[in-house]
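Asker:
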Amino acid sequence: MNANSLRLLMVLAVLVQLMALFQHQAMGMAWQDAFTVAASCALVGLTAARIAGRYGS
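For the sequence shown, full-length UniProt numbering gives the first residue as 1, with consecutive numbering after it.
#1: Apart from the five residues just before and just after A48, which ones in its own chain have a Cβ nearer than 7 Å to its Cβ?
#2: Expressed to the nearest angstrom, what Euclidean distance is found between the alpha-carbon atoms of D33 and Q17?
#3: Put N4 into one of helix, strand or coil per three-state DSSP.
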């Protein structure tokens, strides 16, 4: 897996985190819930990067 794909995955993970945060804020959820969702998104992003690295280009 090359550096560009990894960078793209990281950017996507951050975007998903931000969207989850804003969505939670709009729904009036607690900050803790938003951080939990963001942490989950980060974990998913890292796992995807690991899988892509194992099987990928």
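The beta carbon of each residue, even a glycine, is placed where N, CA and C say it ideally should be.
This structure is a prediction, so every number in the text was calculated from the model and none was measured.
Answerer: Reading from the atomic positions:
#1: L9
#2: 12 Å
#3: helix
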